[in-house]
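*Asks:* Chains as they are written, first to last, in our numbering: chain A, 7 to 291; chain B, 624 to 918; chain C, 1072 to 1327.
In this text, a Cβ means the ideal position worked out from N, Cα and C, and glycines have one as well.
Submitted below is the structure of interest, expressed as structure tokens.
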Amino acid sequence: MFSNAKLNEKIAFSLLKIAMGLVVAFVLIILYDIISNGYGVISLEFITSAPRKGMTEGGIHPAIVGTLYLITCSMIVALPLGILAAIYLTEYAHPGKTTWLTEMAISNLAGTPSVVFGLFGLAVFVKYFGFGDSILSASLTLALLILPVIIRASQEALLTVPKEYREASLALGVTKWETIRKVVIPAAIPGIVTGAVLSIGRVAGETAPILLTGAAYFYPKLPGSIYSQFTALPYHLYVLATAGTNIAKTRPIQYGTALVLLMIVLGVNLIAIYIRNHYRKKLQR
Amino acid sequence: MSNRYLKEKGIESLLFASGAVAVVALLLLCLFLFKEGALLFENYPVSDFLTDRRWLPTSTNPQFGLLPLLFGSLIVTVGSILFSVPLGIAAAIYISEIANPRVANFLKPFTELLAGIPSVVYGFFGLVIVVPMIQDTLQLPTGQTALTGSIMLGIMALPTIISISEDAISSVPRSIKEGSLALGSTKWQTIYKVTVPAALSGISAAVMLGIGRAIGETMTVMMVTGNSAIIPGFPSGLFESVRTMTATIALEMGEVPQQSDHFHALFAVGSVLFITTLILNIVASYIKRRYRFSL
Amino acid sequence: MSDDFANGTEIAVKGLNLWYGKNHALHDISINIPKNSVTAFIGPSGCGKSTFLRCLNRMNDLIPGCRIEGDVNINGEDIYSKDVDVVDLRKRVGMVFQKPNPFPMSIHDNIAYGPRIHGIKKKEIDGIVEGALKAGALWGEVSDRMGISALDLSGGQQQRLCIARTLAVKPEVILFDEPCSSLDPISTGKIEDLILKLKKDYTIVIVTHNMQQAARISDYTAFFLLGDLIEFGKTGQIFENPREKATEDYITGRFG
Ligand SMILES: Nc1ncnc2c1ncn2[C@@H]1O[C@H](COP(=O)(O)OP(=O)(O)OP(=O)(O)O)[C@@H](O)[C@H]1O
Ligand SMILES: [Mg+2]
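Written as structure tokens, this is what we have:
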């Protein structure tokens, strides 16, 4: 009986270990495939020149610039809004219907598929406000998409600030807002930054929303303004891999594009993980 | 009152307005989505939309049957869940209960990397590597099948399932586990008789959110499932090409004339998709709140 | 309850009731607290000492569901009247908490925090910081490392830092809520000495669970039980010759 239980445990643990191993293997295989095939393609020229000959040659400069535009514009909108909303929810809101409604709205926005955001962006920004197919429409759509991410991360960060800090400051005759500004936010900054960084990765990788709101099929030049169409890395990769004139021939360019995209997104994720761990260690001290 | 009081009140109102943006955004989202979708039903009866077995938006006598797309989404999602839920939960147990803390500290962010990989990269990898592999090993006419979509979606849902289950499992109070161990049960017996049941609500929430993630995924399925709008059988449909709701929207929106029935039909499909994920989210948050541990 | 304090009355409370939701936590408290002296609140756990203390600088305003009735006058001003600025009140009535709670900033910035926010000029700040640390009996130990994080100080040093931080905003009253309960005897001794020094310039109210401490440092003592103020008087009288049976039982350790 006893040894039987022991044996079961051994078997179970081995199976769990195999499952874990599989998960790790998935990560490694995907990363290995993209990196090993994309590595040789990336060069200074690849990232600084435009596509040529119907995208079968040349680089991906416009796509990189497009992605940077999207990141900048959507963060300008979503970051302040998200942080302020999080401050309201953690520091000011009283439990009640309004707060419940807001929390509910945030978690449902977070779970809404990105293609639905694309439809929304198309109906509201492209058509209703008349921004057309443009960087502006796409960025606003992406801003809404990452708003819940930023709010959640900031809320979590604010909640980890001990209430003693707030009491200490208030007891010194400091107003609530000054307390938040001078004590609470500085203590929460690492968590807030982590959330912001993660959402940069999200913006860089999203395809479906920009497909519906302004990404252009073949766009070998730089966007002129926020009202012009554009291309971005994930969209460029999608087009090359599914609809190019010569899919097999451009495979190296596809891998190169995938790798650049991956480097941006994972780089940003690693930074976020680093900030979080660094901050955790500091707290434990 | 004093200047300072006014300033504080002003700031509070500004903060409140920012919080309200989320609510307003969700309301507008519903409004525009449903409004555009409902326009379809001026020319095309709702009952046909819900029961027609065919999606033929561009034929001379167009049909906008939701069923093939709905079942397409369903079969891909079910397939992905069958594969990612056991794997994800096993990995979560491994990380929180078995791995030594140093390894666990490494594994957690490592699996989160999976969540960071953009869906178009998954789609690309699936298209280039998994599609030919499925075609060769199963001797199918095409590798772009529901199964391929399920595999890729399963991998993509893993980080959601792992990280939320892991949270649920590690929040089971230590005293409960120690109680079991002190009775002479093995670590494994404790895990499956005490810890996992105690964490079950959190794990179910994780599964819900994983399903939501899979059903709403666009780029990956679009690139690897072949996109033919036929109602799939089960399980035979796994080895055939299918078209999901998400892929339909993304594929067709570029080519439809605005304000056409087809355009509105895509919004109607989007509404169905939105309502589905809304329900999943509400159920997940209900489960999570209802059964949270009060420590 | 006499009002013939040598230095006059600083805080006058009349008919104060407090509810946490439905829980009636303070019943009809009336008390006069003398200027420039140390008043100790004693009583068993949960009797409402902290709650009452937090009424005196309106920290209870922060607790949802908390309702207060009655009058609290500090220096003749009704602090619960509509046109009182809570923020100004807390500047005048400082508070030191049970657990030291320095901000995660340098020592210097912790002390400078209050004055800076209250708009004191830059060049005066250093002087205020030094003065507060000296008054807080911490200057000698930290003057050469003002830039280090306050979290790197020992518990006792942190608590003196918190006292100094309170002094830096120049309050009239300082409320202490069990300031020594997380400290070792030596640190406790230092804080007690400090409190005795401070009463020259400040009115001090201290909650303590430690009878000897109350006897050592306070001039007046109030005994609370289950939300009632049972007895208030000169410390010597309360300890040697209590009027109420409950007070005697508590002091002699027969319950609590
Ligand atoms: N924030 C709160 N919300 C609701 N009830 C509270 C709150 N704080 C205290 N109470 C209740 O008020 C009563 C008095 O509590 P208080 O903290 O004032 O006691 P105390 O005398 O300071 O005790 P101790 O010596 O343990 O610190 C208790 O019954 C307590 O449960
Ligand atoms: Mg107390």
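For the candidate residues B:Ser-824, B:His-887, B:Pro-820, whose alpha-carbon lies nearest to that of B:Ile-799?
*Replies:* B:Pro-820
*Asks:* Can you tell me whether DSSP reads B:Ile-898 as helix, strand or coil?
*Replies:* helix
*Asks:* May I ask you to list the residues that DSSP assigns as paired with C:Cys-1137?
*Replies:* C:Tyr-1091
*Asks:* C:Lys-1162 versus chain A: which residues are under 8 Å apart at the beta carbon?
*Replies:* Leu-178, Gly-179
*Asks:* Examine the Cβ distances between the region 1236-1250 of chain C and the region 1193-1204 of chain C and report whether three or more of them are shorter than 8 Å.
*Replies:* yes
*Asks:* Within the 7 Å Cβ cut-off, does A:Phe-32 reach chain B?
*Replies:* Yes, contact with chain B.
*Asks:* Relative to ligand 1, what is the chain-ordered list of residues with a Cβ closer than 5 Å to any of its non-hydrogen atoms?
*Replies:* C:Tyr-1091, C:Ala-1096, C:Ser-1116, C:Gly-1117, C:Cys-1118, C:Gly-1119, C:Lys-1120, C:Ser-1121, C:Thr-1122, C:Ile-1134
*Asks:* Give the residues of chain B in contact with C:Thr-1158, contact being defined as C-beta atoms less than 8 Å apart.
*Replies:* Just to set this straight, residue 1158 of chain C is Val in the shown sequence, not Thr. Under the 8 Å cutoff, chain B gives Arg-627.
*Asks:* From the DSSP output, in three-state form, read off B:Ala-870 for me.
*Replies:* helix
*Asks:* Evaluate A:Gln-290 with the Cβ neighbour count: other Cβ atoms within 10 Å of its Cβ, from every protein chain shown; 16 or more gives buried, anything less gives exposed.
*Replies:* In this prediction, A:Gln-290 has a pLDDT of 43, which is less than 50 and means its spatial position is unreliable; nothing more can be read from the coordinates.
*Asks:* Give the range of the alpha helix (DSSP H) segment to which B:Phe-664 is assigned.
*Replies:* Premise fails: B:Phe-664 is in no alpha helix (DSSP H) and is neither H nor E.
*Asks:* Would you tell me roughly how many angstroms separate the C-alpha atoms of C:Thr-1259 and C:Cys-1251, rounded to the nearest one?
*Replies:* 6 Å
*Asks:* Give the secondary structure of B:Ser-917 by DSSP, where H, G and I count as helix, E and B as strand, and everything else as coil.
*Replies:* Unreliable positioning characterises B:Ser-917 in this predicted model, as indicated by a pLDDT of 43, which lies under 50. The coordinate reading is nonetheless provided below. The answer is coil: DSSP assigns B:Ser-917 none of H, G, I, E or B.
*Asks:* Between B:Phe-890 and B:Gly-660, which are expected to be in contact by the criterion C-beta below 8 Å, what is the C-beta distance as a whole number of angstroms?
*Replies:* 4 Å
*Asks:* So, is the C-beta of C:Pro-1175 closer than 7 Å to a C-beta in chain A?
*Replies:* Yes, its Cβ sits closer than 7 Å to a Cβ of chain A.
*Asks:* What number of angstroms, rounded off, separates the C-alpha of C:Ile-1301 from the C-alpha of C:Ala-1293?
*Replies:* Whole-angstrom Cα-Cα distance: 8 Å.
*Asks:* Touch check for the region 157-169 of chain A and the region 186-197 of chain A: three-plus C-beta pairs under 8 Å?
*Replies:* yes
*Asks:* In the DSSP assignment, find the unbroken beta strand (DSSP E) run with C:Ile-1245 in it and report its ends.
*Replies:* 1244-1248
*Asks:* What residues from chain B crowd round A:Gln-260, counting only those whose CB sits closer than 7 Å?
*Replies:* Phe-747
*Asks:* With a Cβ-Cβ cutoff of 7 Å, do B:Ala-828 and B:Ile-718 count as a contact?
*Replies:* No, the pair does not count as a contact, with Cβ atoms beyond the cut-off.
*Asks:* Quick check for students: name the residue ranges of the alpha helix (DSSP H) that lie wholly in the region 92-150 of chain A, counting only runs of 4 or more.
*Replies:* Those alpha helix (DSSP H) runs which fall completely within the region 92-150 of chain A and span 4+ residues are 103-117, 120-127.
*Asks:* Which one or two residues does DSSP pair with C:Ala-1293 in a beta bridge?
*Replies:* In the DSSP output, where bridge partners are listed per residue, C:Ala-1293 has C:Phe-1112, C:Phe-1303.
*Asks:* Can you name the residues of chain B whose CB is closer than 9 Å to the CB of A:Leu-164?
*Replies:* None at all; the shortest Cβ gap to chain B is about 12 Å.
*Asks:* Would you kindly work out how many angstroms separate the C-alpha atoms of B:Val-830 and B:Ile-704, rounded to a whole number?
*Replies:* 8 Å
*Asks:* Name the chain A residues that come within less than 9 Å of C:Arg-1236, Cβ to Cβ?
*Replies:* Ala-174, Leu-178
*Asks:* Checking contacts by CB at 7 Å: is A:Met-7 closer than that to chain B?
*Replies:* Note that A:Met-7 scores a pLDDT of 47, beneath 50, so its modelled location is shaky and nothing firm can be said.
*Asks:* If you run the structure through DSSP and keep just helix, strand and coil, what is C:Gly-1086?
*Replies:* strand
*Asks:* Can you confirm whether A:Glu-353, when its beta carbon is compared against all beta carbons of chain C, has any partner nearer than 7 Å?
*Replies:* Residue 353 of chain A cannot be examined here, being either before or after the span of chain A that is shown, 7 to 291.
*Asks:* Using a beta-carbon distance below 7 Å, is A:Val-189 in contact with chain C?
*Replies:* yes
*Asks:* How is B:Glu-801 classed by DSSP in three states: helix, strand or coil?
*Replies:* helix
*Asks:* A:Ala-214: buried (16+ other C-beta within 10 angstroms of its C-beta) or exposed?
*Replies:* That one is buried.
*Asks:* Can you tell which of C:Asn-1281, C:Lys-1270, C:Ser-1253, C:Thr-1274 has its C-alpha closest to the C-alpha of C:Lys-1170?
*Replies:* C:Ser-1253
*Asks:* Kindly indicate which three-state DSSP category C:Glu-1315 falls into: helix, strand or coil?
*Replies:* coil
*Asks:* Identify which residue in B:Ala-645, B:Leu-663, B:Gly-877 has its Cα closest to the Cα of B:Leu-673.
*Replies:* B:Leu-663
*Asks:* Between the region 148-158 of chain A and the region 887-904 of chain B, do three or more beta carbon pairs fall short of 8 Å?
*Replies:* They do not touch, by the three-pair rule.
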